[in-house]
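In the working numbering, the protein residues as written are 5 to 147. Even glycine gets a Cβ: it sits at the ideal position worked out from N, Cα and C. Structure, as structure tokens:
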Amino acid sequence: MKTNTYPSKYALPKGIFTVGKTKFKWYDLADDPAEISPQDIHNARLCVEYAEEDFQNIDDLGFIIMHRCGENYLLLVCTWRSENELWESVYYDGSGNFEIWDRNKTHLPTYCVWEMGIVYHESQSWKKYLGSGREENVFLYCR
């Protein structure tokens with residue numbers, strides 16, 4: 005088995021990104037998050053705003069991971085649904101525009117080791133939110 009040595013990557017929380025009724029926590033993930041350009045973030049946000057999932061009209065909470073992979077990006081758009089389920093749409097940027105990653109296959113990759121740190125943090129925040137009075141504690145989840 006061939007193995008590679010991978011550098012560490014760093015997650016940088018970027019605050020709340022609201023799309024209509026949906027509130028997302030935004031994370032940049034990269035060897036150096038400063039390498040993620042404002043234009044690439046702008047393109048990613050447009051992708052989410054106009055996504056087929058219609059986040060404009062769904063009252064959801066979730067998070068987004070903008071993962072720089074070499075010269076390209078994966079954009080992981082995650083929402084909490086049915087109270088305890090994490091739903092995900094994955095987009096990639098290979099041509100300068102974010103496009104849906106058609107993953108209609110039987111066995112699929114989910115999260116890499118760097119993304120799992122963010123997912124773990126978010127699952128702990130969500131469990132805390134589920135155990136709270138909910139509506140009055142939305143701000144607790146969004147911190």
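W84 is positioned such that its CB atom lies no closer than 9 Å to that of D106. DSSP lists L33, L78 as the bridge partner or partners of H71.
For W118 against L33, the beta-carbon gap comes to about 6 Å, under 8 Å, which counts as contact. In the three-state DSSP reduction, P11 falls in the coil class, being neither helix nor strand. Apart from the 5 residues on each side of it in sequence, E57 sits with its Cβ closer than 8 Å to the Cβ of V81, S93 in its chain, given in chain order. In the same chain as L90, and ignoring 5 residues on each side of it, the C-beta atoms closer than 7 Å to its own belong to C82, W84, in chain order.
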